[in-house]
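Residue 530 is where the sequence shown ends in the working numbering, and the numbering goes up by one at each step. The structure under discussion appears below in the form of structure tokens.
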Amino acid sequence: MGSLNVRFPNLIKYFVLRYLLRVKTPKDLIGFLNRRYQSHELLVQEGNYRTFTQINENVNRLCNTAMLLGLSKGDCVAILIKNCFEFIEIRLACYKAGLIFCALTDDFSNEEITKQLTSLKCSLFIHDPRVSSEDIKKLKQSIPGMFTMLLTAGSEHESPYHSFLKQVHAKTSGSKIDNHDISAIGFTSGTTGHRKAVVWSHQAWISSFYNFLLISPKGASKKPVFLHAMPFSTVGSLSILPGLATGGLNVLLGEFDVKKAAEAIERYKVTNLVITPSFMVELWDFYQNSGNHYDFSSLRLVSLGSAPMARSKLKVLIETFGAIFQQGYGMAEVLAPLCGYRYEPAKLEINDYSTVGKPFKSKSIKLQPLDGSGLNKIIVRSKTCYKGYWNHGKIDDSSIENGWFSTTDLGSFDAKGHFFIHDRISNILRKRGKVIIARDLEEIIHTCPGIKDVAAHVSNDKLKLWVSPLKASHLTEQEVRMFCELNCPQDWIPDLINIVPELPYNSSGKVLKYKLLNA
């Protein structure tokens, strides 16, 4: 195994940030925000603004509501709602009261909801109208003693959630929090068709928060405007605490929509955006087809995550919007960012467009040879690392050995110590005895004009390719095949090419290849 030396400037900045903020837990951060930004309008959604005083009052009311319902530290509060003020308030209330926060993702089926809430012994379930009253009755039969609240955000009429909170007083001190206590339970992306429940401590979230501040560029706007377009139930959750801590304005979108995102960037003069590569390409494609109608000149930093960005697409994005992009590395089990890299074309060589920088801390990332294949599996140790998987009512930490988590990702370091992500182990394709890394082939296909996204897989010893075109493109299978024959090694030429309107994505913007194979 190999490791990197510490990056001293980043380490010094890290300790300076911790000293200045004096925030050790997410609960401490709530106190910091309350002291510093009481009257500041920190949130806006569809033209409605919230100050931190208003947010904190509802946080306190929810803490007291939990007490009235008989909940105590360590009990689970689960939610199934879109991005909204209430999502943030519920999360902060759980931090403050020591409750375990669990956000179900939009693609959960009724069966999965019942299964997970039963496993978690959920005490309070807050949901939107997607869960019907009939479903709630069945849930309560499966989980005796569980309380439920219907939340309709942005409705003209008060939902039961809001009506209940109005009757509760808005003062509370919260619970005593230990950084190693369970803070939240979330879920892996499920790109293979099977998702796992991931257990995080308070330490994991506050360490991720500091790491995000660490990669903020010098000269960043003193009053940043964050656009939260990714689901808070997945990758979008990482930007909540950094967005609030800056004291800037946080613009919320209920769900990702390219037109609404473009309008919000222009209307609110957005400076900071956290987004997945697939959705960023979709936003760029919409911008191009609008005739550059929207003004994106306010953007100062776009953080790409959840999956690697194709090099050719990254170059096009930089040519269109400027050197405002950075990319980091993390996953559900080890919260991002473990490293980060700001792309500056004037200083880059061609292959540097795929680096995610250098790890922030010494010996946080190692490489382990994978079965003599010449490939290396990534092994991670970090304060942002999860406690284990939630399995049948308890934490299963068997995947962590001496503090190290063995990922399913492939990576490498170059001679300068820059870190590169290659692909997932599941994307090592074998065709007639030959090994193909899916992303290597996909990188080539991405350079074909007119392509928006691509996915490669081998099934029944046949190499299959799925391609989605850009909006203005009239791409044909023959054109893609001709491109492959001219640009790919002979063994990499696909047996089957499918042109599809859209690839299937999960809520994190990752391609669900198993759905393509099943189809």
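Even for Gly, the Cβ is constructed at its ideal location relative to N, Cα and C.
Next item on the list: In the DSSP assignment, find the unbroken alpha helix (DSSP H) run with Arg46 in it and report its ends.
Entry: The sequence position of residue 46 within the sequence shown is 35, counting from 1. Bounds of the alpha helix (DSSP H) holding Arg46 are Pro37 to Arg47.
Note to self: Classify His304: buried if its beta carbon has 16 or more other beta carbons within 10 angstroms, exposed otherwise.
What the structure shows: Reading the sequence shown from its first residue, position 293 is the one you call residue 304. Exposed.
Item checked: Nearest residue (CA-CA) to Ile436, options Glu453, Lys326, Glu490 and Thr418 -> Here residue 436 corresponds to residue number 425 of the sequence shown, with the count starting at 1. Measuring C-alpha to C-alpha distances from Ile436 to each of Glu453, Lys326, Glu490 and Thr418 identifies Thr418 as the nearest.
Next item on the list: Alpha carbon to alpha carbon, how far is Lys372 from Gly13? Give it in angstroms, no decimals.
Entry: Within the sequence shown, residue 13 is the residue found at index 2, counting from 1. Within the sequence shown, residue 372 is the residue found at index 361, counting from 1. Caution applies to Gly13, whose pLDDT of 32 falls short of 50 and renders its modelled position unreliable; the model cannot decide the point.
Next item on the list: Please say whether Val70 and Ala104 have beta carbons closer to each other than 8 Å?
Entry: Looking up residue 104 in the sequence shown gives position 93. Looking up residue 70 in the sequence shown gives position 59. Contact flag set, yes.
Item checked: Under the three-state DSSP convention, the category Phe119 falls into -> Taking the sequence shown and counting its residues from 1, the one referred to as residue 119 is at position 108. In the structure shown, the three-state DSSP call for Phe119 is coil.
Item checked: Pairwise C-alpha distance: Val345 and Asn222 -> Reading the sequence shown from its first residue, position 211 is the one you call residue 222. Reading the sequence shown from its first residue, position 334 is the one you call residue 345. Cα to Cα, the separation comes out at about 12 Å.
Item checked: Backbone secondary structure at His173 - three-state DSSP -> In the sequence shown, the residue the question calls residue 173 occupies position 162. Three-state result, His173: helix.
Notebook entry, point to check: When you compare only the Cα positions, how much space is there between Leu349 and Arg33?
Noted result: Here the question's residue 349 lines up with position 338 in the sequence shown. Here the question's residue 33 lines up with position 22 in the sequence shown. C-alpha separation (whole angstroms): 21 Å.
Checklist line | Counted within 10 angstroms of its Cβ, other Cβ atoms place Gly254 as buried (16 or more) or exposed | finding: Translated into the one-based positions of the sequence shown, residue 254 becomes position 243. It counts as buried.
Next item on the list: Could you check if His485 is buried or exposed, using at least 16 other CB atoms within 10 Å of its CB as the buried criterion?
Entry: Taking the sequence shown and counting its residues from 1, one reaches residue 485 at position 474. With fewer than 16 other beta carbons inside 10 angstroms of its own, His485 counts as exposed.
Check: If you count every other CB in all the chains shown that lies within 10 Å of the CB of Leu15, and 16 or more means buried, which is it?
Finding: Taking the sequence shown and counting its residues from 1, the one referred to as residue 15 is at position 4. Summary for Leu15: the model assigns pLDDT 30, below 50, so the residue's position carries little reliability, and this model does not support an answer.
Next item on the list: Return the CA-CA distance between Gly461 and Gly204, expressed in angstroms with no decimal places.
Entry: Locating residue 461 in the sequence shown gives position 450, where the first residue counts as 1. Locating residue 204 in the sequence shown gives position 193, where the first residue counts as 1. Distance from the CA of Gly461 to the CA of Gly204, rounded to the nearest whole angstrom, comes to 29 Å.
Notebook entry, point to check: Where do the N-terminal and C-terminal ends of the alpha helix (DSSP H) with Leu91 fall, by residue?
Noted result: Walking along the sequence shown from the start, residue 91 turns up at place 80. In the DSSP assignment, Leu91 falls outside any alpha helix (DSSP H) and lies within the beta strand (DSSP E) extending over Cys87 to Leu91.
Notebook entry, point to check: Is DSSP giving Asn75 helix, strand or coil here?
Noted result: One-based indexing of the sequence shown puts residue 75 at position 64. Here Asn75 sits in helix by DSSP.
Item checked: Counterpart residues of Pro235 in DSSP-defined beta bridges -> To locate residue 235, count along the sequence shown from 1; it is residue 224. Paired residue(s): none; Pro235 is not in a bridge.
Notebook entry, point to check: Can you tell me where the alpha helix (DSSP H) with Gly254 in it begins and where it stops?
Noted result: For this step, residue 254 is matched to residue 243 along the sequence shown. Unbroken alpha helix (DSSP H) run through Gly254: Ile251 to Ala256.
Notebook entry, point to check: Roughly how many angstroms separate the alpha carbons of Met493 and Val511, rounded to a whole number?
Noted result: The residue given as residue 493 occupies position 482 in the sequence shown. The residue given as residue 511 occupies position 500 in the sequence shown. Spanning the two alpha carbons is a distance of roughly 18 Å.
Check: Does DSSP put Ile510 in a helix, in a strand, or in coil?
Finding: One-based indexing of the sequence shown puts residue 510 at position 499. It is a strand residue.
Next item on the list: Kindly indicate which three-state DSSP category Gly58 falls into: helix, strand or coil?
Entry: Numbered from its first residue, the sequence shown carries residue 58 at position 47. Taken through DSSP and simplified to helix, strand or coil, Gly58 comes out as coil.
Notebook entry, point to check: Is the beta carbon of Asn67 less than 8 Å from the beta carbon of Asn45?
Noted result: Taking the first residue of the sequence shown as position 1, residue 67 is located at position 56. Taking the first residue of the sequence shown as position 1, residue 45 is located at position 34. Going by beta carbons, Asn67 and Asn45 fall inside the 8 Å limit.
Note to self: Applying the 10 Å Cβ sphere with the 16-neighbour rule, what's the burial state of His403?
What the structure shows: Position 392 of the sequence shown, counted from the start, is the residue given in the question as residue 403. His403 is exposed by the Cβ-count criterion.
Notebook entry, point to check: By Cβ distance, which residues of its chain are closer than 8 Å to Val55, with the 5 residues on each side in sequence left out?
Noted result: The residue given as residue 55 occupies position 44 in the sequence shown. Counting only Cβ-Cβ distances below 8 Å, and skipping sequence neighbours, we find Arg61, Leu260, Asn261, Val262, Leu263 and Tyr279.
Note to self: Counting beta carbon pairs with one atom in the region 471-478 and one in the region 438-456, are three or more of them shorter than 8 Å?
What the structure shows: Taking one beta carbon from each stretch, the region 438-456 and the region 471-478 have 3 or more pairs nearer than 8 Å; the two touch.
Check: What's the C-alpha gap between Gln65 and Val313?
Finding: To locate residue 65, count along the sequence shown from 1; it is residue 54. To locate residue 313, count along the sequence shown from 1; it is residue 302. Approximately 29 Å, taken between the alpha carbons.
Notebook entry, point to check: Counting pairs of Cβ atoms below 8 Å between the region 268-284 and the region 129-146, do you hit three or more?
Noted result: Not touching, per the Cβ criterion.
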